[in-house]
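Chains A and B, in that order, are what the protein sequence lines are.
Quick note: the first sequence, position 112, residue 229 per the numbering used here, numbers continuous.
Quick note: the second sequence, position 139, residue 256 per the numbering used here, numbers continuous.
Down below is the structure, laid out as structure tokens.
There are 2 protein chains.
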Amino acid sequence: MKQKKVISDAVIERLPLYYRDLLLLQDAGIDIISSEKLGERLGITPEQIRKDLTCFGAFGKKGVGYYVGELCQQIVEIIGLQQHWKVGIAGIGHLGWALANYKTFGRLGFRTTGLFDVDHRIIGQNVGGVIVTPISEMDNVIRKEGIQIGIITTPASVAQQVADQMVNAGIKGILSFAPLRLNVPDHIFVFREDLSIGLSRISYYLTNKPEE
Amino acid sequence: MKQKKVISDAVIERLPLYYRDLLLLQDAGIDIISSEKLGERLGITPEQIRKDLTCFGAFGKKGVGYYVGELCQQIVEIIGLQQHWKVGIAGIGHLGWALANYKTFGRLGFRTTGLFDVDHRIIGQNVGGVIVTPISEMDNVIRKEGIQIGIITTPASVAQQVADQMVNAGIKGILSFAPLRLNVPDHIFVFREDLSIGLSRISYYLTNKPEE
DNA sequence: ATTATATTGTTCAACCATTCACAATTATTA
DNA sequence: TAATAATTGTGAATGGTTGAACAATATAAT
Numbered sequence: 118m119k120q121k122k123v124i125s126d127a128v129i130e131r132l133p134l135y136y137r138d139l140l141l142l143q144d145a146g147i148d149i150i151s152s153e154k155l156g157e158r159l160g161i162t163p164e165q166i167r168k169d170l171t172c173f174g175a176f177g178k179k180g181v182g183y184y185v186g187e188l189c190q191q192i193v194e195i196i197g198l199q200q201h202w203k204v205g206i207a208g209i210g211h212l213g214w215a216l217a218n219y220k221t222f223g224r225l226g227f228r229t230t231g232l233f234d235v236d237h238r239i240i241g242q243n244v245g246g247v248i249v250t251p252i253s254e255m256d257n258v259i260r261k262e263g264i265q266i267g268i269i270t271t272p273a274s275v276a277q278q279v280a281d282q283m284v285n286a287g288i289k290g291i292l293s294f295a296p297l298r299l300n301v302p303d304h305i306f307v308f309r310e311d312l313s314i315g316l317s318r319i320s321y322y323l324t325n326k327p328e329e
Numbered sequence: 118m119k120q121k122k123v124i125s126d127a128v129i130e131r132l133p134l135y136y137r138d139l140l141l142l143q144d145a146g147i148d149i150i151s152s153e154k155l156g157e158r159l160g161i162t163p164e165q166i167r168k169d170l171t172c173f174g175a176f177g178k179k180g181v182g183y184y185v186g187e188l189c190q191q192i193v194e195i196i197g198l199q200q201h202w203k204v205g206i207a208g209i210g211h212l213g214w215a216l217a218n219y220k221t222f223g224r225l226g227f228r229t230t231g232l233f234d235v236d237h238r239i240i241g242q243n244v245g246g247v248i249v250t251p252i253s254e255m256d257n258v259i260r261k262e263g264i265q266i267g268i269i270t271t272p273a274s275v276a277q278q279v280a281d282q283m284v285n286a287g288i289k290g291i292l293s294f295a296p297l298r299l300n301v302p303d304h305i306f307v308f309r310e311d312l313s314i315g316l317s318r319i320s321y322y323l324t325n326k327p328e329e
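Structure (structure tokens):
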């Protein structure tokens, strides 16, 4: 599955959508799905789905559709979910807590095996089966557990410091909810999740409604 | 500020980024900023920033830059934040709780004035200054408070039902964290926030690293 | 065996977004 | 006042993504 061409972010971001819906189809006992039907379910054009998938190979069968189980497996391998990445979360406020219990992460193969905070009211608590550890010991836990991905849900004021600590401990990718640009070495992949963009888009839309 | 041309989503999504950073600059007592410097802070090219802004007008001064306060005001009006939208959150689990206390929402002018859940252990609690109400009374509260935007942080299994209830009560926009496609009338704007896309992107990146 | 139907993979065209280059404008300095 | 430096706004060029059309292929029906 070595593709030469560069794949766009837009394609990569749609793959988990396909995957999650395929899992639902699988649960429902559906073996075969056409790009047409899948597109209807997801609100994506069938052409888009076919084009996205052919970036990585020809997984469908002409005149038939896609075998659900087979396509699931293909997407798992494309995204790299078979690795069962280990994840650590720094900042066990409500957001961190929510993510530690977020079922969809598990369904995608991510394992949360480290939770970190500075607040001693939280340290020692069992959150979703994992004990919260002092953030001062984060380095040790990351190394011992082999955690590769860090999630930052701390206040913005300490996010950079936490990121530095994660990078030093050998983390390879960071998902940050802090509303600021993190400074990290080039080889670290940072994805910023910005919870206020959604509301802003809604505000813009409601303010400048398409004329009716 | 009536622009004829259709503005792309990408532009709209960058505006709150500019705005938040401009607020920080303002706090720091900085009156004037160039697209060059702003771009450095945000990791966006100066050309991009200038082009985005000129979709709505000529807010800068050639040879000088942008007046921070003035530009803030302009962006507020473009996004429509001066309205101080009222927001209701359905599903006060940890995620809902986190959002109810999310400072950035307030800073953008959103007011959370309704919190709804079915769990009687949560109903009646004060979360960020608002009392959690039974979801059965959501319609009344939405109408009485004049809530225009709903946030759905319930389990996926009830998200559609909650959305229907919100639409019936007169909600105009919905921010949904449920990992499924909501069925709503055309005039309702739905923005889906998908928390698992970030992790998936990181997994893809780490799996298919740019050759080094 | 042939025809009809369904559906993918792929080419080409249309559209959209970003980057580049530069004219226009302002402030500053000599 | 003239020259210089800084910086915006914009038109053209580039690059990328989506959409439409269709050939290729598989199944089902006759």
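Every residue, glycine too, gets a C-beta built ideally from N, C-alpha and C.
As the structure is a computational prediction, the values presented were derived from the model and not from experiment.
Counting the other CB atoms within 10 Å of its CB gives P296 of chain A a total of 16 or more, which places it among the buried residues. Annotated three-state conformation of K326 of chain B is coil, per DSSP. D234 of chain B is bridged by DSSP to B:P251. Following the DSSP letters along the chain, one finds V307 of chain A in no alpha helix (DSSP H) but inside the beta strand (DSSP E) bounded by residues F306 to R309. Rounded to whole angstroms, P302 of chain B and I259 of chain A show a C-alpha spacing of 47 Å. Rounded to whole angstroms, Q199 of chain A and Q190 of chain A show a C-alpha spacing of 9 Å. Among the CB atoms of chain A, none fall inside 9 Å of the CB of V235 of chain B. Neighbourhood of S313 of chain B in chain A, by CB distance below 7 Å: P133, T221, F222 and L225, in chain order. The Cβ of A280 of chain B sits no closer than 9 Å to any Cβ of chain A.
Contact annotation: the region 266-275 of chain B touches the region 207-219 of chain B, with at least three C-beta pairs closer than 8 Å.
Against chain B, a Cβ distance below 7 Å from A215 of chain A picks out G210, H211, L212 and A215. Counting the other Cβ atoms within 10 Å of the Cβ of R238 of chain B gives fewer than 16, which makes it exposed.
For A207 of chain B, the three-state secondary structure derived from DSSP is strand.
Counting C-beta pairs closer than 8 Å gives fewer than three between the region 274-284 of chain A and the region 177-189 of chain A, which falls short of the contact rule.
Per the C-alpha coordinates, the member of A:G160, A:L159 and A:F176 positioned closest to R167 of chain A is A:F176. Residue state for R298 of chain B is assigned as coil, using DSSP reduced to three classes.
At a Cβ-Cβ threshold of 9 Å, F233 of chain B and T250 of chain B count as neighbours. A straight line joining the alpha-carbon of N325 of chain A with that of R318 of chain A spans about 10 Å.
With fewer than 16 other Cβ atoms from the protein chains shown falling within 10 Å of its own Cβ, E157 of chain A counts as exposed. Rounded to the nearest angstrom, the Cβ distance from K203 of chain A to Q265 of chain A is 6 Å, consistent with a contact under 8 Å.
The C-alpha of G290 of chain B is placed about 5 Å away from the C-alpha of F306 of chain B. When secondary structure is reduced to three states using DSSP, Y219 of chain A falls in the coil class, being assigned neither helix nor strand.
Near chain A, meaning a CB-to-CB distance below 8 Å, the residues of the region 159-174 of chain B are L159 and G160. When C-alpha distances from N257 of chain B are compared across B:N243, B:G231 and B:G241, the shortest belongs to B:G231. Beta-bridge pairing by DSSP links R228 of chain B to B:K203. Straight-line spacing of the CA atoms in T229 of chain A and G263 of chain A works out to 11 Å.
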